[in-house]
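K.L.:
Once you've had a glance at the structure underneath, I'll fire off some questions.
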Amino acid sequence: MKNSSIIFFIKRSKLSIFFGALICTIVSSCSSPNPVTIISVSETKGLDRETEYVSAQIPLEFLQKDSEILIASDVQSGMSIPVQILDTIQNQGKSVLGILFPVAVKAYEMRKFQLQSTDKTHAGVPSKIQFSKDGMSIENKTYKVFFSIDEDKRGGQINGIVLKDFNDKLLKRGHISMHWAPNFSKSSSESYFNFEDLSSSSRNDITRGMYQIVKNRSGVTDSVPEIDLKGKYTFYSGLPYFNFESTIEMNDDVELDLLRNDEMTMDSLFTHVVYQKKEGDIEHLKLYDEELEVLEESPIPDDAVFVAFYHNEKKYGFGSIRIEYDNLNVDGNLSPTYKPYTKISKSRGNGRYWNRVLSDTIQSLPKGSRYNEKNAYLIFHADEEMPEKEILYFRERLMNPLVVKVN
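17 is the number of the first residue of the sequence shown in our numbering; add one for each residue after it.
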């Protein structure tokens, strides 16, 4: 079955409710808004979009005063919605302003928004994504994510996820963090290292806003200073997934006996694994059955489209949609790997986890070697007849973003 032929109505209609509630809070007419520019949003793949976020760049001179906010006003309906300012970046030598706002677009529809500045008292929307005061959790309508507490007390990797649509089921790994990637082991050491082991001087910061919260981490570990790590979590209001992207780069020659990314490790919380190969074949296997042993002879490819766990009776699921994956070094050539594949591992306490093995043997990695990934970690409802239905729904939209033009 082709993805585009799937007719799928999300059983959990909270995405539509979220966007509808958002529209109810927006301003249909503001006092003397100042026009800035026109942004056109086009859906070109024949896919209805319940809630998606438009990201665009506009000239820095349009940055509003402290007493103003930016709004995006639909040219046809006149309805307006506040815009989140992301950051100021350099693009082709010019300073530009990154912005973000949500839209709902029908298949093949094109909508135009006039970006305007207006007084803060005339427009506003309550934030639907929250960052805790202690810096240790983020939540939206679908999930609540907890961060582990590392030595610098700024919060490490994801330590657990509460599934709000499934009686607050907690996904976790009892004795370690749940998200355990990227990770690596030096041939001269018996320990694994990852973002939890970054030095206290490393970057670890949060950028928050009404629609999106971003957590950036980067630095080196004291034990393996030859590896530069960069990682970024991106959480969205109204969406049942969050993104994580990472880069592993060798700043000097180093010998490793293990290198992995895209690893989620959990207790005994699921019954099945489902994955899709690049050529389209979808496979289901029982996590606690002899049939899992088939992966020893025919492992899941390292470039599998997605890999996910689900509980066949309780119907909750959690998986990785692999948006980007490349191992090109700083010169554009392939970095060393050794028989890369996606591994489903059995662990103590009957736990199960997936990870992408880039190398699991002693191997010298030269300076400039680099490994990149970007994944969307999705909480989904496992359909009775087709457990992966929601995964396919969201992947199709993630891989076919809206076309955005700034006039």
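Beta carbons are placed, not taken as given, at the ideal position from N, Cα and C, and that holds for glycine.
Does the beta-carbon of GLU401 have 16 or more other beta-carbons within 10 angstroms, so that it is buried, or is it exposed?
P.N.:
exposed
K.L.:
Can you give me the start and stop residues for the alpha helix (DSSP H) that GLU68 sits inside?
P.N.:
Counting along the chain, GLU68 falls outside any alpha helix (DSSP H), though it belongs to the beta strand (DSSP E) covering 65-75.
K.L.:
Report all residues from its chain with a CB closer than 8 Å to the CB of MET194; omit the five preceding and five following residues, and keep chain order.
P.N.:
GLN173, ILE174, ASN175, GLY176, ILE177, LEU187, LYS188, MET280, THR281 and MET282
K.L.:
Indicate the three-state DSSP secondary structure (helix, strand or coil) for SER399 in the structure shown.
P.N.:
Checking the sequence shown, residue 399 turns out to be Asp, not Ser. Coil at ASP399, not helix or strand.
K.L.:
Can you say whether SER47 is buried or exposed, counting buried as having 16 or more other CB atoms within 10 angstroms of its CB?
P.N.:
Note that SER47 has pLDDT 45, beneath the 50 cutoff, so the model's placement of it is unreliable and the number below is only indicative. SER47 comes out exposed.
K.L.:
Going straight from the alpha carbon of SER375 to that of LYS293, what length do you get?
P.N.:
20 Å
K.L.:
Suppose contacts are defined by Cβ-Cβ distances below 8 Å. Is THR358 in contact with ALA320 by that definition?
P.N.:
Yes, the Cβ-Cβ distance between THR358 and ALA320 is below 8 Å.
K.L.:
First and last residue of the alpha helix (DSSP H) that includes ILE407?
P.N.:
Per DSSP, the continuous alpha helix (DSSP H) segment holding ILE407 begins and ends at 405-414.
K.L.:
What are the start and end residues of the alpha helix (DSSP H) that includes GLU271?
P.N.:
That residue, GLU271, is in no alpha helix (DSSP H); its beta strand (DSSP E) goes 270-282.
K.L.:
Taking the DSSP output, what are the residues bridged to ALA392?
P.N.:
ASN259 and ILE337
K.L.:
Contact check, SER218 vs SER234 under 8 Å by CB: the rounded distance?
P.N.:
A Cβ-Cβ distance of about 6 Å is found for the pair SER218 and SER234, placing them in contact under the 8 Å criterion.
K.L.:
Sorted by chain position, which residues of the same chain lie with C-beta nearer than 7 Å to ALA37's C-beta, five sequence neighbours on each side aside?
P.N.:
In this prediction, ALA37 has a pLDDT of 45, which is less than 50 and means its spatial position is unreliable; what the coordinates show is noted afterwards. Cβ within range, chain order: n/a, list empty.
K.L.:
Mind reading off the beta-carbon distance from ILE339 to ASN277? Whole number of angstroms is fine, and I expect it under 8 Å.
P.N.:
Their Cβ separation, rounded to whole angstroms, is 13 Å, which puts ILE339 and ASN277 out of contact at 8 Å.
K.L.:
Just to confirm, is the Cβ distance from ASN371 to SER363 under 8 Å?
P.N.:
no
K.L.:
Do GLY114 and LEU131 have their CB atoms nearer than 8 Å?
P.N.:
no
K.L.:
In whole angstroms, what separates the C-alpha of PHE211 from that of VAL112?
P.N.:
31 Å
K.L.:
With respect to the alpha helix (DSSP H) encompassing GLU312, which residues constitute its N-terminal and C-terminal limits?
P.N.:
310-313
K.L.:
Assign LYS202 to one of three DSSP states: helix, strand, or coil.
P.N.:
strand
K.L.:
Taking the Cβ atom as the reference point for each residue, do SER133 and VAL230 lie within a distance shorter than 8 Å?
P.N.:
no
K.L.:
DSSP state of ASN366, grouped into three classes?
P.N.:
helix
K.L.:
To the nearest angstrom, how far is the alpha carbon of ASP64 from that of VAL161?
P.N.:
Using only the alpha carbons, I get a separation of about 28 Å.
K.L.:
Helix, strand or coil: which one does DSSP assign to LYS169?
P.N.:
coil
K.L.:
Using three-state DSSP, classify ASP213 as helix, strand or coil.
P.N.:
helix
K.L.:
So, GLN100 versus PHE117, is the Cβ gap smaller than 8 Å?
P.N.:
A distance below 8 Å separates the beta carbons of GLN100 and PHE117.
K.L.:
By Cβ distance, which residues of its chain are closer than 8 Å to ILE54, with the 5 residues on each side in sequence left out?
P.N.:
VAL91, LYS128, PHE129, GLN130, LEU131, VAL422 and ASN423
K.L.:
Using only the alpha-carbon positions, how far apart do GLY151 and THR158 sit?
P.N.:
Each residue's Cα considered, the two are about 19 Å apart.
K.L.:
At the level of alpha carbons, what is the spacing between PHE163 and LYS169?
P.N.:
Each residue's alpha carbon lies about 10 Å from the other.
K.L.:
Per DSSP, what are the beta-bridge partners of PHE182 in this structure?
P.N.:
Its beta-bridge partners do not exist; DSSP assigns none.
K.L.:
Spatial neighbours of PRO382 within its chain, please: C-beta separation below 6 Å, excluding the five flanking residues on both sides.
P.N.:
ASP269
K.L.:
Rounded to whole angstroms, what is the Cα-Cα separation between SER284 and ASN366?
P.N.:
6 Å
K.L.:
Alpha carbon to alpha carbon, how far is TYR304 from LEU245?
P.N.:
34 Å
K.L.:
Name the residue from TYR387, GLY171 and ILE97 whose alpha carbon lies nearest to the alpha carbon of LYS262.
P.N.:
The displayed chain sequence assigns Ser, not Lys, to residue 262. Closest in alpha carbon position to SER262, among TYR387, GLY171 and ILE97, is TYR387.
K.L.:
By Cβ distance, which residues of its chain are closer than 8 Å to SER71, with the 5 residues on each side in sequence left out?
P.N.:
LEU102, GLY114, ILE115, LEU116 and VAL420
K.L.:
Tell me whether LYS136 sits in a helix, a strand or coil according to DSSP, three-state version.
P.N.:
helix
K.L.:
Assuming ASN345 contacts SER314 (C-beta within less than 8 Å), just tell me the rounded distance between them.
P.N.:
No, ASN345 and SER314 are not in contact; Cβ-Cβ is about 29 Å, not under 8 Å.
K.L.:
Return helix, strand or coil for GLU295, following the three-state DSSP convention.
P.N.:
coil
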